[in-house]
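**Q** First, the structure itself, so that you have it in front of you.
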Amino acid sequence: MSKKSPSTRIADFGARAGQSVDVQGWVTHVRSSGKIAFVVIRDGSGTAQVVLVKTEVQPEVWERFGGLTQESCVRLTGVVREDKRSPGGFELAASDLEILGTSPQDYPIQPKEHGVDFLLDHRHLWLRSSRQRAIARVRHEIEQAIRDFFYERDFTLVDTPILTAAIGERSGLFATEYFDEGTAYLAQTGQLYGEAAAAALGKIYCFGPTFRAEKSKTRRHLSEFWMIEPEVAFNDSEDNMRLQEDFVSYIVARAVERRRPELEELERDISKLERIKPPFPRVDYSDAVKTLQAKGSSITWGDDLGAEDETLLVADYDTPIFVCNYPKEAKAFYMKENPADPRTVLCNDCLAPEGYGEIIGGSQREDDYDKLLARIHEEKLPVDAYGWYLDLRKYGTFVHSGFGLGLERTVSWVCGLPHLREAIAFPRMMNRLRP
RNA sequence: UGGGGUGUAGGUCAACUGGCAGACCGCCUGACUGUUAAUCAGGAAGUUGCAGGUUCGAAUCCUGCCGCCCCAGCCA
793 MSKKSPSTRI
803 ADFGARAGQS
813 VDVQGWVTHV
823 RSSGKIAFVV
833 IRDGSGTAQV
843 VLVKTEVQPE
853 VWERFGGLTQ
863 ESCVRLTGVV
873 REDKRSPGGF
883 ELAASDLEIL
893 GTSPQDYPIQ
903 PKEHGVDFLL
913 DHRHLWLRSS
923 RQRAIARVRH
933 EIEQAIRDFF
943 YERDFTLVDT
953 PILTAAIGER
963 SGLFATEYFD
973 EGTAYLAQTG
983 QLYGEAAAAA
993 LGKIYCFGPT
1003 FRAEKSKTRR
1013 HLSEFWMIEP
1023 EVAFNDSEDN
1033 MRLQEDFVSY
1043 IVARAVERRR
1053 PELEELERDI
1063 SKLERIKPPF
1073 PRVDYSDAVK
1083 TLQAKGSSIT
1093 WGDDLGAEDE
1103 TLLVADYDTP
1113 IFVCNYPKEA
1123 KAFYMKENPA
1133 DPRTVLCNDC
1143 LAPEGYGEII
1153 GGSQREDDYD
1163 KLLARIHEEK
1173 LPVDAYGWYL
1183 DLRKYGTFVH
1193 SGFGLGLERT
1203 VSWVCGLPHL
1213 REAIAFPRMM
1223 NRLRP
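Here you go:
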């Protein structure tokens, strides 16, 4: 490929009206009317219509145009001009066309309906479509908002390990051999390491991929997903929920503020997002059970909320809600016993509206050495593996709380996606390891 | 893992009670100087998921297997 002057981004067309520029990108569409042709190209910054007139270009340029196919990579030279008939308001009157990368005639993705399986098989190409680009940009904005939120509040980012010994959640683990140390497991959470870091730095968060080998095939589960887990020294469960509602509201507001065009591309009802403001309603677990029973659910005290129960409960609200203080048996061993009702623990789930379900699980952590040890025994967990975790209660134990927010579930909710699989570039699910 | 559904052209789907394998989109060829998922004319394109069975005859009925989707459980 030849070296030429720096190319112009389509996003900058407005500032270059009347000037001659070079543009590099991929052909998304070709329309021809005999002696005039329209080529739509995409360069990552935007899409633009290019106009070629047969009588105004060299014969070989017109010839090359005839060879254009969907997703050909091209370099175009021409003058930017304003034109109401062009989709972006500007178009390029082309004088030269160079094909940088050809594309055969069998490009599989059409601007029409496709089945999910087909699209996921072609995920590497599907990403080029406008809807997928919009989702990627919203996800990016949310990730940046997350980092900004914690940075502004003086949290320290701590990267926790992905390869771990058996520790953390109960459900399925991915295993791999680890030198002479036996089996290592892909991390399901960074929380326990986060607790250790909180005693060093006060306010911390970790943000990374987590792995669950659960054999679940639902619209709300991935085998590999990204989780944000803050942990704050001296926060109790109430402080924890205040942090959560501020955090979620900040993320949503940021997406609405800076990614409105993308949300419109996704046909998201933005008014529903604009209602997301703190405080979020708190519903005590025991009250939730009574409400659900009154609505006809078969739930009894002690059960975890099923998906149907969540939907039933959330139907009364148009903001996220907190369901607080679940029975001990339904929750993880590290959650702090509720002094007001020892059958329960100081915890909360945050349920998103519109049926998106649980986006956060959070709790105050058990800071009493003996009670924590007793819970480890009750759950029949290997005490040896938790020696270092118990040390956090042995050496200067402290009230602390934290939570985990599922990134893909949040992105799905903000974008209004029907399934989690579109919320990440290359989803990993039970039956999908490639591309 | 359990329950329900589904599998036909590159894609999305039709095909009545078992009776000639179809449509649209895309692609190819041609026409067209302002198209917006252009339009018009023509064309190519199939091991009906796989294996077996019933039948004069199977995309269609039966058995087994496989893939995928939805729901549930688990969770974020």
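One rule links them: number in my numbering = place in the first sequence (from 1) + 792. Glycine included, every Cβ here is placed at the ideal spot set by N, Cα and C.
Run through the DSSP bridge pairs and tell me what C1142 is partnered with.
**A** In the DSSP output, where bridge partners are listed per residue, C1142 has F1114, I1152.
**Q** May I have the straight-line CA-CA distance separating D875 from F882, to the nearest angstrom?
**A** So the two alpha carbons sit approximately 5 Å from each other.
**Q** Kindly provide the ranges of any alpha helix (DSSP H) runs that are 4 or more residues long and lie completely inside the region 817 to 851, ordered along the chain.
**A** With a minimum length of 4 residues, no continuous alpha helix (DSSP H) run stays inside the region 817 to 851.
**Q** Measuring CA to CA, which of I1152, D1079, A1124, S1078 is closest to R1012?
**A** Checking every option, the nearest Cα to that of R1012 belongs to I1152.
**Q** For A1277, list the residues DSSP reports as bridge partners.
**A** With the chain running from 793 to 1227 in the structure shown, residue 1277 is simply not present.
**Q** Are the CB atoms of F966 and A1005 nearer to each other than 7 Å?
**A** Going by C-beta atoms, F966 is nearer than 7 Å to A1005.
**Q** Whole-angstrom Cβ separation of E1016 and R1220, contact assumed at under 8 Å?
**A** Between R1220 and E1016 the Cβ distance is about 4 Å, and since that is below 8 Å, they are a contact.
**Q** I need the straight-line Cα distance from R877 to F830, nearest angstrom please.
**A** The alpha-carbon atoms of R877 and F830 are separated by roughly 12 Å.
**Q** For G1113, which residues of its own chain have a beta-carbon under 7 Å away from its beta-carbon, when the five flanking residues on both sides are left out?
**A** In the sequence under discussion, the amino acid at residue 1113 is Ile, which differs from the Gly named in the question. Cβ neighbours of I1113 beyond the five flanking positions: F1072, P1073, V1075, V1106, L1143.
**Q** Locate the beta strand (DSSP E) running through R1185, then write down its first and last residues.
**A** It is not in any beta strand (DSSP E) - R1185 instead sits in the alpha helix (DSSP H) that spans 1179 to 1186.
**Q** How is the alpha helix (DSSP H) around V1075 delimited, first residue to last?
**A** Per DSSP, V1075 belongs to no alpha helix (DSSP H); it is in the beta strand (DSSP E), 1074 to 1076.
**Q** Where DSSP assigns a beta bridge to E969, which residues make up the other side?
**A** E969 is bridged to T975.
**Q** Using C-beta distances below 6 Å, list every residue in its chain close to Q983, excluding the 5 sequence neighbours before and after it, in chain order.
**A** Excluding positions up to five away in sequence, the list reads E1021.
**Q** For the alpha helix (DSSP H) containing A992, name the first residue and the last one.
**A** Taken as a continuous stretch (DSSP letters only), the alpha helix (DSSP H) holding A992 covers 983 to 993.
**Q** Please state the DSSP three-state secondary structure of S794.
**A** At S794, the pLDDT of 49 sits below 50, so the modelled position is not reliable; the number obtained from the coordinates is stated separately. The answer is coil: DSSP assigns S794 none of H, G, I, E or B.
**Q** For the alpha helix (DSSP H) that contains P1022, what are its first and last residues?
**A** Note, P1022: premise wrong, no alpha helix (DSSP H); beta strand (DSSP E) at 1016 to 1025.
**Q** What does the Cβ neighbour count give for S1029, buried or exposed, with the cut at 16 atoms within 10 Å?
**A** So S1029 ends up on the buried side.
**Q** Which partner residues of S1193 appear in the DSSP bridge assignment?
**A** In the DSSP output, where bridge partners are listed per residue, S1193 has V1024, Q1156.
**Q** What separation, rounded to the nearest whole angstrom, lies between the Cα atoms of T968 and E1057?
**A** Those two C-alpha atoms are separated by around 42 Å.
**Q** So the alpha helix (DSSP H) I1043 belongs to, where does it begin and stop?
**A** From DSSP, the alpha helix (DSSP H) with I1043 extends over 1029 to 1050.
**Q** Tell me the DSSP secondary structure of G858 in three-state form.
**A** Helix.
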